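Colleague: Numbering (our numbering), first residue to last: 9 to 484.
Positions of the beta carbon are idealized from the N, C-alpha and C atoms, including for glycine.
Small disclaimer: the values here were computed from a predicted structure and weren't measured.
Have a look at this one.
Right, dumping it as structure tokens:
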């Protein structure tokens with residue numbers, strides 16, 4: 009029997025507020041353990057939480073960006089469970105009345121765009137963190153993260169493959185970063201993903217038994233974890249074994265999932281309205297104020313890049329991965345009206361050097377203006393393509409301008425016909441065997457001659473002029 013996977017994702021995103029959701033403690037990452045805490049966030053008796061308005065603002069932003077319906081009234085609830093890093097014995101979340109419901113996001117499916125529905129987006133507080141001792145059977149509790157504001161984005165089970173799951177996760181992160189409400193750093197835990205997956209006979213409607221996957225801190229791990237779980241469940245079903253509803257952890261070291269605990273149902277958490285917090289009322293004026301501040305989002309920006317700059321869709325997809333990268337491209341495009349040339353250089357030279365040096369585009373030592381200046385020298389024939397790449401490497405290493413490097417090192421492109429012709433004559437006289445083979449029909453040797461000419465002129469010869477003279481000379 010053929011089986012098909014049914015996948016839904018629950019994405020937790022830490023919001024980029026300066027203070028926590030119900031108190032004034034700092035949300036800054038990396039402080040000494042238990043220093044960003046107060047009686048409210050560690051659950052001391054007699055304290056009262058007060059909702060951070062910016063958390064609601066940011067949640068409305070995400071709701072609008074994902075086409076959700078925003079509730080006029082939403083309510084916080086207590087989600088009761090015991091864990092050592094949950095000092096109150098419950099988490100303040102939303103249950104029956106979330107802030108936003110019934111949205112959607114579009115992703116690239118198999119050969120065509122696909123819409124993934126969003127069931128709900130709700131606000132909640134984060135728990136603390138356990139640090140396990142490597143040498144003793146001890147764990148230490150760090151409560152700095154307790155009370156950091158989260159939104160949980162819960163999809164419908166509309167995802168059909170691990171590849172689609174990774175694509176949807178990237179799309180959500182792109183929107184969060186465009187809105188500037190979450191940095192999307194999965195390694196630091198500011199964006200986390202749990203996946204629910206079941207298998208069912210292909211072509212049927214009823215859902216199979218759901219398994220939840222946790223501890224996946226990268227796009228690759230989400231995809232690999234789901235691929236493993238599909239294989240595991242398929243083997244069990246083919247053997248006639250029963251799938252157990254449970255929570256499993258992804259072990260990235262062994263590339264397997266392992267059982268963690270039985271999967272809880274909602275009633276296991278004994279949700280009830282939090283008596284310390286009043287309902288959240290969001291009027292139309294509040295929604296419109298937030299809507300007026302929304303930036304251009306990735307999908308709209310992609311469409312505009314294709315329309316306005318004539319870029320291929322692939323280029324537009326890459327350049328709009330982040331708001332900062334798109335701004336970098338447009339900053340350079342204001343100074344050089346060669347969008348495809350700019351796109352090629354950003355996707356190759358710029359991104360290569362950023363990846364090699366483990367930097368983000370915001371840290372690029374070559375400004376958009378400097379990149380445009382370099383490519384203007386290339387486009388106008390002042391320097392060759394080979395020299396342009398050499399100059400770029402120096403610009404990236406030292407932050408200097410293209411003109412200063414070209415002038416200092418004497419890298420101006422040679423366009424003088426007689427000088428190029430002299431170099432070509434030397435190359436042909438030094439390689440009589442290759443000349444004879446070329447004239448005998450080995451056309452591929454033309455690239456060899458071009459390379460020798462560029463070597464002879466130290467990469468300075470104007471390629472177009474050199475090619476034209478070479479063709480004439482090789483006619484014999």
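Tell me where the alpha helix (DSSP H) around residue 390 begins and ends.
Modeller: Where residue 390 is concerned, there is no enclosing alpha helix (DSSP H), given that its DSSP letter is neither H nor E.
Colleague: For a test of the three-state rule: what should DSSP assign to residue 468, helix, strand or coil?
Modeller: coil
Colleague: Which residues in the same chain have their Cβ closer than 8 Å to the Cβ of residue 332, if we skip the five residues on either side of it in sequence?
Modeller: So the qualifying residues of the chain are 368, 369 and 370.
Colleague: Considering only the alpha carbon of each residue, which of 373, 214, 155 and 327 lies closest to residue 14?
Modeller: 214
Colleague: Between which two residues does the beta strand (DSSP E) carrying residue 317 extend?
Modeller: Run containing residue 317: none in the beta strand (DSSP E); it sits in the alpha helix (DSSP H), 306-317.
Colleague: Tell me which residues share the same chain as residue 253 and place their Cβ nearer than 8 Å to its Cβ, disregarding the 5 neighbours each side in the sequence.
Modeller: 217, 218, 219, 270 and 271
Colleague: Which same chain residues, not among the five before or five after residue 122, have their C-beta less than 6 Å away from its C-beta?
Modeller: 115
Colleague: Of all the options 38, 41, 42 and 102, which has the alpha carbon lying nearest to the alpha carbon of residue 64?
Modeller: 102
Colleague: Round the Cβ separation of residue 208 and residue 164 to the nearest angstrom and send it over; I've been treating them as touching at under 8 Å.
Modeller: Contact doesn't hold; Cβ gap of about 15 Å is too wide.
Colleague: Mark residue 414 as exposed unless 16 or more other C-beta atoms lie within 10 angstroms of its C-beta, in which case mark it buried.
Modeller: With at least 16 other beta carbons inside 10 angstroms of its own, residue 414 counts as buried.
Colleague: Taking only the alpha-carbon atoms, compute the straight-line gap between residue 308 and residue 349 and give it to the nearest angstrom.
Modeller: 22 Å
Colleague: At 4 residues or longer, what runs of the alpha helix (DSSP H) sit wholly inside the segment 248-300?
Modeller: 292-299
Colleague: Please report the straight-line C-alpha distance between residue 245 and residue 11, rounded to a whole angstrom.
Modeller: 9 Å
Colleague: Note down the Cα distance separating residue 372 from residue 353, rounded to an integer number of angstroms.
Modeller: Near 14 Å, if we compare the C-alpha coordinates of residue 353 and residue 372.
Colleague: Going residue by residue through the segment 106-135, where are the continuous beta strand (DSSP E) segments of at least 3 residues, counting only ones entirely within it?
Modeller: 108-116 and 121-133
Colleague: Give the DSSP-derived three-state secondary structure of residue 34 in the structure shown.
Modeller: It is a strand residue.
Colleague: Quick check on residue 86: does DSSP put it in helix, strand or coil?
Modeller: strand
Colleague: If you measure between the beta carbons of residue 177 and residue 222, is that distance less than 8 Å?
Modeller: no
Colleague: Which complete beta strand (DSSP E) runs does the segment 355-407 hold, if anything under 3 residues is left out?
Modeller: none
Colleague: For residue 426, is the classification buried or exposed, using 16 other Cβ atoms within 10 angstroms of its Cβ as the cut-off for buried?
Modeller: exposed
Colleague: By Cβ distance, which residues of its chain are closer than 6 Å to residue 226, with the 5 residues on each side in sequence left out?
Modeller: 194
Colleague: Let me make sure I understand the geometry here. Which of 355, 44, 317 and 306 has the alpha-carbon closest to that of residue 186?
Modeller: 306
Colleague: Measure the CB-CB distance between residue 467 and residue 392 and report whether it falls below 8 Å.
Modeller: yes
Colleague: Determine the extent of the beta strand (DSSP E) in which residue 26 is found, giving its start and end residues.
Modeller: Element bounds for residue 26: n/a, residue is neither H nor E.
Colleague: Within a Cβ cutoff of 7 Å, which residues of the same chain sit near residue 196, ignoring the five residues on either side of it in sequence?
Modeller: 37
Colleague: For residue 157 and residue 29, which I take to be in contact (beta-carbon distance under 8 Å), what is that distance rounded to the nearest angstrom?
Modeller: Correct: roughly 4 Å between the Cβ atoms.
Colleague: The beta strand (DSSP E) spanning residue 221 covers which residue range?
Modeller: 219-224
Colleague: Taking just the CA atoms, how far does residue 119 sit from residue 531?
Modeller: The chain is shown from 9 up to 484; residue 531 falls before or after that span and cannot be answered.
Colleague: Quick test of your reading: residue 482 and residue 461, contact by CB under 8 Å. State the CB separation rounded to the nearest angstrom.
Modeller: Residue 482 to residue 461, Cβ: 12 Å. No contact.
Colleague: Looking at the structure shown, is residue 77 part of a helix, part of a strand, or coil, going by DSSP?
Modeller: strand
Colleague: In the DSSP assignment, find the unbroken beta strand (DSSP E) run with residue 157 in it and report its ends.
Modeller: 157-163 is the extent of the beta strand (DSSP E) around residue 157.
Colleague: Which same chain residues, not among the five before or five after residue 8, have their C-beta less than 8 Å away from its C-beta?
Modeller: Examination of residue 8 is not possible in this model, given that the chain is present from 9 through 484 alone.
Colleague: Quick one: grab the DSSP three-state call for residue 415.
Modeller: Helix.
Colleague: For residue 232, is the classification buried or exposed, using 16 other Cβ atoms within 10 angstroms of its Cβ as the cut-off for buried?
Modeller: buried
Colleague: DSSP has residue 137 in a bridge; who is on the other side?
Modeller: 150
Colleague: Report all residues from its chain with a CB closer than 8 Å to the CB of residue 107; omit the five preceding and five following residues, and keep chain order.
Modeller: 64, 67, 68, 71, 78, 79, 82, 129, 130, 131, 288 and 290
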